[in-house]
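Data first, discussion second: the structure below is written as structure tokens.
4 protein chains.
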Amino acid sequence: MSKTVVYEVNVMFGDCDPAGIVFFPNFAKWMDASSLNFFIQSGVPPWRELVKTTGIIGTPLLEINTKFLRPATYGETLQIHTSIEEWRDKVFVHRHLIKRGDELLCEGTEVRAFCMRLPDSDRIKAIPVPADIKALCC
Amino acid sequence: MSKTVVYEVNVMFGDCDPAGIVFFPNFAKWMDASSLNFFIQSGVPPWRELVKTTGIIGTPLLEINTKFLRPATYGETLQIHTSIEEWRDKVFVHRHLIKRGDELLCEGTEVRAFCMRLPDSDRIKAIPVPADIKALCC
Amino acid sequence: MSKTVVYEVNVMFGDCDPAGIVFFPNFAKWMDASSLNFFIQSGVPPWRELVKTTGIIGTPLLEINTKFLRPATYGETLQIHTSIEEWRDKVFVHRHLIKRGDELLCEGTEVRAFCMRLPDSDRIKAIPVPADIKALCC
Amino acid sequence: MSKTVVYEVNVMFGDCDPAGIVFFPNFAKWMDASSLNFFIQSGVPPWRELVKTTGIIGTPLLEINTKFLRPATYGETLQIHTSIEEWRDKVFVHRHLIKRGDELLCEGTEVRAFCMRLPDSDRIKAIPVPADIKALCC
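Chains as they are written, first to last, in the numbering used here: chain A, 5 to 142; chain B, 5 to 142; chain C, 5 to 142; chain D, 5 to 142.
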């Protein structure tokens, strides 16, 4: 069984749309925050520190698949249950379950890669999953 | 061949993250805007008008799958090419290609349903795709 | 001394801009959330409930003045200290201090009015501050 | 008379809140985008270029004062009319008028400073307004 880290979010009025429910891209924002929190809680430094020692700028997203089961609204507290479903050579697969207590609202699967900035360039490239980071997360 | 409607977006500084590139949930926000624009350009009234005559509040998202191929940054102009890939009885499938001129940056597939608010309730329910709206969009 | 209610926010990666610091409109979003939280904690129902019994849709903003003293970044926890500085006949003045522990990052003053939707219209109008709501907040 | 540069924005569904109107922090986001556009249109390179040659990371905000006169909603096109009201030694004052055609919706005044990153540090400091940038903007 893989480790699961839970990140809590309070839904704000400004997260909701004219239908009165969470505007769906905010679920993606919260999965992103929960992904970063997963690494921080596992002992990985924040990206702004890690880039100085390793050149790694973070884990840009390659793909995200999301299903929406129930809406949420402002004033509610949600929990994002985040784990790593699979480690491949160059990418890893995140699994996020967004819940309101026992109710499942949204489930998402992200494919991400660790990336570095190319020297003297604005471009970034994917690198193999660093073994030390992987070890921290298992 | 299905109709394609193009929606243009100017990327703002505030759309970008500490890595200097578009924060990915904004691509979802822009697909949502392009979906609405698709209906408006096809002759469907905005949701705030439609709800008064039909009770339809819009087309909430059931599922979205997105692939990210290249990043974008502020100051760039992007085009979202939006079409309807498939009409089913109760849902339809949107296809969005986000391009910067000829370059494909991101592709997304959305499953959406037309929804109404239940009488005397905050709850909403999916309804069969309205034939008149479908006719406008083909 | 007026009542102060504290609302806590965890700064997310997606709240930050290419300079690596909180994109300033997010401070306004958090002040708005803290304003709503102030009323909820004082016993006022959420706007979506209040509108059904009173027609009041919330407290739209008339004016906001904000000073930025220090930046914040993702991974940090901030506290928004919110009070009501002044009640006038038709408006009230909110005071928000955004802190990171003892450090003051940002201070904001908002002028807001309670508003109702005009019957059979999309337009809204300001109403005198409701005495029962004011009583709850003091 | 100072130069005025106009930046156009299409209001998206996701820019609006449960009251069906633009969530006010988005006006601040658009003023920020219009400020950057003002400099770009005046011939100043984007911040990500300027930082490489001069160390200047942009023009962080020190203060913003905003008045809201009329709401806006999705599907509308707004114009942000941006000028520089005053140049002081270390700061400058931006003036933004957000209009929908002839109607004034929102007016904002920003105090900003050009800033550099301190060597070997995450901290930034304000610098005197660069004479060459000022010359481009008049």
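Idealized CB from N, CA, C, for every residue including glycine.
Counting Cβ pairs closer than 8 Å, one from the segment 123-142 of chain A and one from the segment 7-16 of chain B, do we hit at least three? Judged by pairs of C-beta atoms under 8 Å, the segment 123-142 of chain A does not touch the segment 7-16 of chain B, as fewer than three such pairs exist.
To the nearest whole angstrom, what separates the beta carbons of residue 95 of chain A and residue 127 of chain A, a pair I think is in contact under 8 Å? About 18 Å; that fails the 8 Å criterion.
Across which residues does DSSP place residue 129 of chain B in a beta bridge pair? Looking at the DSSP output, residue 129 of chain B sits in a beta bridge with B:120.
Nearest CA to the CA of residue 88 of chain A: which residue from A:113, A:109, A:64? When only C-alpha atoms are compared, the closest one is A:113.
Cβ atoms of residue 35 of chain A and residue 81 of chain A: under 9 Å apart, would you say? It is not a contact, given that the beta carbons lie outside the stated cut-off.
Can you tell me whether residue 57 of chain D is helix, strand or coil according to DSSP? Reduced to three states, the DSSP call for residue 57 of chain D is helix.
Measuring only the C-alpha atoms, how far is residue 60 of chain C from residue 50 of chain B? C-alpha separation (whole angstroms): 24 Å.
Using 8 Å for Cβ pairs, my map puts residue 40 of chain A next to residue 17 of chain C. What's the rounded Cβ distance? Contact check for residue 40 of chain A and residue 17 of chain C: beta-carbon distance about 5 Å, within the 8 Å limit, so the pair qualifies.
Simplified DSSP assignment, three categories, for residue 68 of chain C: Note: residue 68 of chain C maps to strand in three-state DSSP.
Measuring only between beta-carbons, confirm whether residue 140 of chain B sits less than 9 Å from chain A. False, the Cβ-Cβ gap to chain A never drops below 9 Å.
If you measure beta-carbon to beta-carbon, which residues of the segment 52-68 of chain B are closer than 8 Å to chain A? Correct list: 52, 61, 62, 64, 65, 66, 67, 68.
Residue 119 of chain D CB to nearest chain G CB: under 9 Å? No chain G is part of this structure, whose protein chains are labelled A, B, C and D.
DSSP three-state assignment for residue 99 of chain A, whether helix, strand or coil: In the structure shown, residue 99 of chain A falls within a strand segment according to DSSP collapsed to helix, strand and coil.
Amino acids of chain D, ordered along the chain, whose beta-carbon sits closer than 9 Å to that of residue 22 of chain C: Within 9 Å Cβ-Cβ: 51, 52, 61, 62.
Members of the segment 15-40 of chain A near chain D, C-beta cut-off 7 Å: For the segment 15-40 of chain A, which is checked against every Cβ of chain D, the residues closer than 7 Å are 17, 18, 20, 21, 22, 24, 27, 29.
Taking the CB atoms as reference points, tell me whether residue 144 of chain D and residue 84 of chain D lie closer together than 9 Å. The structure shown does not extend to residue 144 of chain D, since chain D is modelled only from 5 to 142, so the question has no answer here.
In terms of residues, what are the limits of the beta strand (DSSP E) holding residue 40 of chain C? Residue 40 of chain C -> not in any beta strand (DSSP E); alpha helix (DSSP H) instead, spanning 29-45.
Can you look up residue 108 of chain C in the DSSP assignment and give me helix, strand or coil? The answer is strand: DSSP assigns residue 108 of chain C an E or B state.
Would you check if the distance between the CB atom of residue 103 of chain A and the CB atom of residue 67 of chain B is smaller than 9 Å? Contact annotation: residue 103 of chain A and residue 67 of chain B have beta-carbon atoms that are not nearer than 9 Å.
Please return the same chain residues whose Cβ sits closer than 6 Å to the Cβ of residue 69 of chain C, not counting the five positions on each side in sequence. Around residue 69 of chain C, the same chain offers 113 as residues with beta carbons nearer than 6 Å, after the five sequence neighbours per side are excluded.
List, in chain order, every chain D residue whose beta-carbon is nearer than 8 Å to that of residue 71 of chain C. Ordered by position in chain D, the residues that pass the 8 Å Cβ test against residue 71 of chain C are 66, 67.
Can you look up residue 79 of chain B in the DSSP assignment and give me helix, strand or coil? DSSP places residue 79 of chain B in coil when its eight states are reduced to three.
Excluding five sequence neighbours on each side, which residues of the same chain lie with their C-beta closer than 8 Å to the C-beta of residue 12 of chain B? Sequence-distant Cβ neighbours of residue 12 of chain B in its own chain, meaning closer than 8 Å and more than five residues away, are 81, 82, 83, 84.
Within chain A, partners of residue 79 of chain C - CB distance below 7 Å: Close partners of residue 79 of chain C in chain A (Cβ separation under 7 Å): 44, 50.
What do you get for residue 105 of chain C, buried or exposed, if any count of 16 or more other CB atoms within 10 angstroms of its CB means buried? Exposed.
Would you tell me roughly how many angstroms separate the C-alpha atoms of residue 111 of chain C and residue 111 of chain D, rounded to the nearest one? Rounded to whole angstroms, residue 111 of chain C to residue 111 of chain D spans 20 Å at the Cα level.
Give the DSSP-derived three-state secondary structure of residue 18 of chain C in the structure shown. The answer is helix: DSSP assigns residue 18 of chain C an H, G or I state.
For residue 139 of chain D, the first and last residue of its enclosing alpha helix (DSSP H): Annotation for residue 139 of chain D: the continuous alpha helix (DSSP H) segment containing it runs 135-141.
Environment of residue 57 of chain B [buried if 16+ CB atoms lie within 10 Å]: Counting of Cβ neighbours within 10 angstroms places residue 57 of chain B among the exposed residues, the total staying below 16.
Quick one: does residue 75 of chain B have its CB under 9 Å from some CB of chain A? Using a Cβ-Cβ cut-off of 9 Å, residue 75 of chain B counts as an interface residue toward chain A, since at least one Cβ of chain A sits closer than that to its own.
Residues in the same chain with beta-carbon distance under 7 Å from residue 27 of chain B, minus the five sequence neighbours each way, listed in chain order, please. Within the same chain, residue 27 of chain B has close Cβ partners 19, 20, 21.
Buried or exposed by the 16-neighbour rule on C-beta atoms within 10 Å, applied to residue 47 of chain D: Counting Cβ neighbours within 10 Å, residue 47 of chain D comes out exposed, since fewer than 16 surround it.
Counted within 10 angstroms of its Cβ, other Cβ atoms place residue 33 of chain B as buried (16 or more) or exposed: When all chains shown are included, residue 33 of chain B counts as buried.
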